[in-house]
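Numbering (my numbering), first residue to last: 210 to 340.
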C-alpha cells in the first residue's frame, strides 16, 4: 500500500474516554482507516514502510530504524513516526524533516522522544486484550 492510498482512506478518530488504545488500523466496512495519532504512525509503519510485514515492522522498531516519537503539540501529547531523518504524522500526512515538525509546534522532549519497542508491544497487546 502506498502513502497516498492510505491517506485518502484515513480519518482521525479520537480515543474515547482516554483509553489510548494503540493499534495498526484495519479498514472498516466503508474501507476507511479510523484512528488517532499513534494508530496513524503505527499503520504507516506497517502498511507503507514495511509493506504489510510484521517481521519488517518489529525489526524496524527493535533496530531503531523506525521510531514512534512522543512529543508535545498545541493540543497535548502526540505521536510521530520517524524513519531515518524523515518524520510523518496525521497532521502532515507526508514525509517531512524535523524542523518542519517543530514549525508545527511539536516539541520533542529528549526524555520522551523515543517510545521503546517494548512499550509499543505492550500498548498493542493491551488494545487486543481490552478492546
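Here a beta-carbon is modelled for each residue, glycine too, at the ideal position from N, C-alpha and C. Please read these numbers as outputs of a predicted model, since none were measured by experiment.
Between the C-alpha atoms of residue 219 and residue 277 there is a straight-line separation of about 18 Å. Proximity to residue 232 across 339, 333, 340, 338 peaks at 333, based on C-alpha coordinates.
Comparing C-alpha distances from residue 217 to each of 322, 309, 303, 336 shows the shortest one belongs to 303.
Between the alpha carbons of residue 275 and residue 324 lies a gap of roughly 11 Å. As DSSP reads the structure, residue 314 sits in no beta bridge. Less than 8 Å divides the Cβ of residue 269 from the Cβ of residue 258. DSSP places residue 295 outside any alpha helix (DSSP H); the residue lies instead in the beta strand (DSSP E), whose first and last residues are 295 to 297. Here residue 280 is bridged, per DSSP, to 287. The way I'd put it, the segment 307 to 326 does touch the segment 290 to 298; three or more beta-carbon pairs between them come closer than 8 Å.
In the DSSP assignment, residue 221 falls within the beta strand (DSSP E) that extends over 219 to 221.
Secondary structure of residue 238 (DSSP, three-state): coil.
If you draw a 10 Å sphere on the C-beta of residue 338, you find fewer than 16 other C-beta atoms in it, and that means exposed. Here residue 211 has 257 as same chain residues with Cβ atoms under 8 Å from its own Cβ, once five neighbours each way along the sequence are excluded.
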